[in-house]
Amino acid sequence: MSKGASTRSEGREGGPRDDAGPADAGAGHGRPGGDVPATGEPRMGRGRFALALGFCLVGIAILFALGSWQLERLHWKEALIAEIDSRIHAEPVDLATLEARFAAGEPIDYTPVTVTGRFLNDHERYFLSTFEGQAGWNVYAPLRLAGGDVVFVNRGFVPYDMRDPDRRRAGQPEGEVTLIGLARAAPTEKPGYFTPENEPAKDTFFWQDLPAMAEGVPLGQGARLVPFLVAAGPGRAEGGWPVGGTTVVSLPNNHLQYVVTWYGICLVLVVMTAMMIVRRYRGRA
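Residue numbers (this note's numbering): 1 to 285.
This is the structure:
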């Protein structure tokens, strides 16, 4: 009897108890000093926390800088649009005034200018273009001024099948003409890698290379090529072609949405970083 009692006593006190596991398992896990905080989520080590915080702060700085840069670009673009708008609606100037501004390094794009001369219709140059959904050409013709100088004028659009001047003779003025157009600075290099090469031998162009356009144009002794272009104003020539006024002034301004995007992402990252810091130090309380 004594032996049996001793055996039962060992079963209750000396051996391992199955119901002790859950109580012991909680030790060190539900308290701040354990591996898992009271929330039940694993705690981030000090090194990992510092690294994550560093990445977040760098990201915030980069995003804020991008937003600020786009804000500067927004102000610049708005000022540029306002400047061009005021320039377009200004009174036309004569060519000499415009040349003086150009020589002084002032911007001349979209400045109304009055020019008078005779078109050299046998030296037209053609640029692939579209107008009101129709494909064709913009016709650039040299205009000989009274003093002998030559300026290229974008007379406007003709369809593919009207490129041949013989098909639109009514629109080829022989005498002196006066027109008002918008000045355009000529590019000094090909606009982009994917822009095709000009074909001066075929009078076909893809960008306004003035020296190449002037090849074969009789300038005369002492005459020179005006270093910018003139785009004719709206209106149809006699016979219907070319159609002037094809220069569209459109400056895209998407900087505001970029500002909102970068600052918005920055704000989200700031909130996430703050939450990470709060959770870190709450777990220590």
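Just so it is clear, CB atoms sit at the ideal spot from N, CA and C, and this is done for glycine as well.
Determine the extent of the alpha helix (DSSP H) in which residue i is found, giving its start and end residues.
i	result
residue 262	255-282
residue 95	95-103
On the three-state DSSP scale, how would you describe residue i?
i	result
residue 49	helix
residue 134	strand
residue 251	coil
residue 200	helix
residue 55	helix
residue 64	helix
residue 240	helix
residue 171	helix
In chain order, what residues of the same chain lie with their CB nearer than 7 Å to the CB of residue i, ignoring the 5 residues before and after it?
i	result
residue 231	154, 181, 182, 184, 247
residue 249	84, 88, 110
residue 49	280
Below 6 Å CB to CB, which residues in the same chain sit around residue i once its five sequence neighbours on both sides are set aside?
i	result
residue 88	110
residue 223	148, 149
residue 168	162, 239, 241
Need the endpoints of the beta strand (DSSP E) that residue i sits in, please.
i	result
residue 130	125-131
residue 159	150-159
residue 210	No beta strand (DSSP E) contains residue 210, which is instead part of the alpha helix (DSSP H) from 210-214.
residue 181	177-185
residue 230	228-232
Using only the alpha-carbon positions, how far apart do residue i and residue j sit?
i	j	result
residue 288	residue 165	The question about residue 288 has no answer here: the residues shown for the chain are numbered 1 through 285.
residue 143	residue 59	57 Å
residue 107	residue 75	19 Å
residue 62	residue 82	30 Å
residue 186	residue 64	37 Å
residue 292	residue 263	No answer is possible for residue 292: the residues shown for the chain start at 1 and end at 285.
residue 198	residue 205	5 Å
residue 239	residue 255	44 Å
residue 174	residue 119	7 Å
residue 268	residue 278	15 Å
Any heavy atom of the ligand NAD closer than 6 Å to the Cβ of residue i?
i	result
residue 165	The model on display carries no ligand, and the ligand NAD is accordingly not part of it.
Under the DSSP definition of a beta bridge, which residues are partnered with residue i?
i	result
residue 118	144
residue 112	182
Ignore the nearest five residues each way along the sequence and tell me which others in residue i's own chain have a CB closer than 8 Å to its CB.
i	result
residue 270	60
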